[in-house]
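Each protein sequence line maps, in turn, to chains V and U.
If you count by this note's numbering, then the first sequence holds residues 1 to 110, one letter each, in order.
If you count by this note's numbering, then the second sequence holds residues 1 to 110, one letter each, in order.
We put the CB at the ideal spot given by N, CA and C, even for glycine.
Note that the structure is a prediction, hence the values are computed from the model and not measured.
Worksheet for the structure shown next.
Number of protein chains: 2
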Amino acid sequence: MAEDDEDRADALFHALADRTRRDIMRRVLAGEHSVSALAAGYDMSFAAVQKHVAVLERAGLLTKRRNGREQLASGDVAAVRSVGSMLTELEQVWRGRIARIDELIAEEPS
Amino acid sequence: MAEDDEDRADALFHALADRTRRDIMRRVLAGEHSVSALAAGYDMSFAAVQKHVAVLERAGLLTKRRNGREQLASGDVAAVRSVGSMLTELEQVWRGRIARIDELIAEEPS
DNA sequence: CAAACATACAACCAATCAGTTGTATGTCAA
DNA sequence: TTGACATACAACTGATTGGTTGTATGTTTG
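Shown next, in the form of structure tokens:
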């Protein structure tokens with residue numbers, strides 16, 4: 001696996017490893033929200049929420065679009081799916097293990 | 001969402017947010033490996049690898065089984081799938097957004 | 001039994017993280 | 001143009017992380 005892919009995986013899983021950020025993802029996947037609209041929903045400073053949004057943006061999980069003085073954040077479902085495909089890759093490794101066990105059982109009948 | 005589920009999600013995503021741990025997961029999903037067999041594959045101390053294994057175990061991504069003086073680690077594919085289902089939940093939120101957009105288009109023909 | 005092996009865990013360290021407050025910059029509206 | 005709003009970013013703090021070394025404990029083997 002390429003180094004950049006691992007960096008990307010690190011960033012994606014890290015971004016999702018925080019409940020506030022996962023909640024932000026739910027909101028921005030449901031529709032565009034300004035950073036302050038998002039911030040209003042959490043019991044922490046605006047700057048803290050803004051930093052969470054920045055982490056998600058750097059990981060590619062959301063994009064921002066300027067609209068006047070607001071910055072509208074929107075979730076990127078393709079990035080969410082790319083995380084899913086990493087998990088699928090893991091599951092494929094596991095399937096290989098099961099296939100090998102099945103071979104052994106077939107070769108060596110009790 | 002229940003608090004414990006969020007704790008669990010934090011632990012799962014955090015556990016996967018490290019390339020060494022993801023690599024360990026590939027190995028233990030492919031088959032059982034002792035902690036020292038795993039440690040032999042990385043350029044870091046045995047204790048460091050052991051701590052990575054412990055993080056994965058606490059998150060429920062692998063289980064250990066004693067065999068003499070060895071501790072054999074095995075990946076839990078169900079836990080991997082549970083992470084996948086969290087992503088699917090996110091994707092469902094996004095589908096709701098698209099459905100709502102489609103409704104608007106249907107209601108308001110240009 | 002003694003020596004080597006496999007694991008666990010504590011203590012420590014530098015780096016990163018998640019939060020804070022404060023300040024600067026750009027945009028809208030009266 | 002002035003003031004309120006929306007955002008960005010720097011600097012700081014305490015907690016956590018990922019690594020280290022050292023020590024203790026149980027297990028196998030000569």
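Distance CB(residue 72 (chain V))-CB(residue 13 (chain U)) smaller than 8 Å: Here the question's residue 72 (chain V) lines up with position 72 in the first sequence. Here the question's residue 13 (chain U) lines up with position 13 in the second sequence. It is not a contact, given that the beta carbons lie outside the stated cut-off.
Applying a beta-carbon distance threshold of less than 9 Å, which residues of chain U neighbour residue 58 (chain V)? On the first sequence, position 58 is the one that residue 58 (chain V) refers to. Those within 9 Å of residue 58 (chain V) in chain U number zero; the least Cβ separation is about 14 Å.
With C-beta atoms as the reference, is residue 80 (chain V) less than 8 Å away from residue 90 (chain U)? Residue 80 (chain V) sits at position 80 when you count from the first residue of the first sequence. Residue 90 (chain U) sits at position 90 when you count from the first residue of the second sequence. A contact, by the Cβ cut-off of 8 Å.
Can you give me the C-alpha to C-alpha distance between residue 23 (chain U) and residue 44 (chain V), rounded to a whole angstrom? Mapped onto the second sequence, residue 23 (chain U) falls at position 23. Mapped onto the first sequence, residue 44 (chain V) falls at position 44. Their Cα atoms are separated by approximately 35 Å.
For the region 56-100 of chain U, which segments carrying the beta strand (DSSP E) assignment without a break, of at least 3 residues, lie completely within its bounds, in sequence order? 62-67, 70-75
Taking the straight line between their C-alpha atoms, what separation do you get for residue 41 (chain V) and residue 85 (chain V)? As a working note, residue 41 (chain V) is residue 41 in the first sequence. As a working note, residue 85 (chain V) is residue 85 in the first sequence. When rounded, the distance between both Cα atoms is 31 Å.
Going by C-alpha distance, which of V:31, V:6, V:51, V:102 is nearest residue 20 (chain V)? For the purposes of this step, residue 20 (chain V) is taken as residue 20 along the first sequence, with counting starting at 1. The residue with the shortest Cα to Cα distance from residue 20 (chain V) is V:51.
Note down the Cα distance separating residue 66 (chain V) from residue 3 (chain V), rounded to an integer number of angstroms. Taking the first residue of the first sequence as 1, we reach residue 66 (chain V) at position 66. Taking the first residue of the first sequence as 1, we reach residue 3 (chain V) at position 3. Roughly 32 Å between the two C-alpha positions.
Hey, would you say residue 94 (chain V) sits closer than 8 Å to residue 75 (chain U), going by beta carbons? As a first step, residue 94 (chain V) must be located in the first sequence, where it is residue number 94. As a first step, residue 75 (chain U) must be located in the second sequence, where it is residue number 75. A contact, by the Cβ cut-off of 8 Å.
Quick check: is the beta carbon of residue 43 (chain V) nearer than 8 Å to any beta carbon in chain U? Counted from its first residue, the first sequence places residue 43 (chain V) at position 43. So, not an interface residue.
Since residue 49 (chain V) and residue 39 (chain V) should fall inside the 8 Å C-beta cutoff, what is the C-beta to C-beta distance between them, to a whole number of angstroms? In the first sequence, counting from the first residue as 1, residue 49 (chain V) sits at position 49. In the first sequence, counting from the first residue as 1, residue 39 (chain V) sits at position 39. Contact holds; Cβ gap of about 4 Å.
Buried/exposed call for residue 104 (chain V), threshold 16 Cβ in 10 Å: For the purposes of this step, residue 104 (chain V) is taken as residue 104 along the first sequence, with counting starting at 1. By the neighbour-count rule (16 or more Cβ atoms within 10 Å), residue 104 (chain V) is not buried but exposed.
Could you tell me whether the Cβ atoms of residue 111 (chain U) and residue 77 (chain U) are closer together than 8 Å? Here chain U comprises residues numbered 1 to 110, so residue 111 (chain U) is not present and cannot be evaluated.
Strictly under 8 Å for the Cβ-Cβ distance: is residue 13 (chain U) near chain V by that measure? Counting from 1 along the second sequence, the entry for residue 13 (chain U) is found at position 13. For residue 13 (chain U), the answer is yes, since a Cβ of chain V falls inside 8 Å of its Cβ.
Do residue 97 (chain V) and residue 31 (chain U) count as a contact pair if the criterion is CB distance below 8 Å? The count along the second sequence starts at 1 and reaches residue 31 (chain U) at position 31. The count along the first sequence starts at 1 and reaches residue 97 (chain V) at position 97. Their beta carbons are under 8 Å apart, which means residue 31 (chain U) touches residue 97 (chain V) by this criterion.
Give me the chain U residues within the contact set of residue 77 (chain V), using Cβ-Cβ distance strictly less than 7 Å, ordered along the chain. In the first sequence, residue 77 (chain V) corresponds to position 77, counting from 1. Neighbours of residue 77 (chain V) on chain U, chain order: 91, 94.
Please confirm if residue 30 (chain U) has its CB atom under 8 Å from at least one CB of chain V. Numbered from its first residue, the second sequence carries residue 30 (chain U) at position 30. Yes - at least one Cβ of chain V is within 8 Å of the one on residue 30 (chain U).
Whole-Å CB distance - residue 83 (chain U) paired with residue 87 (chain V), under 8 Å assumed: The count along the second sequence starts at 1 and reaches residue 83 (chain U) at position 83. The count along the first sequence starts at 1 and reaches residue 87 (chain V) at position 87. About 6 Å separates the two Cβ atoms, so the contact holds.
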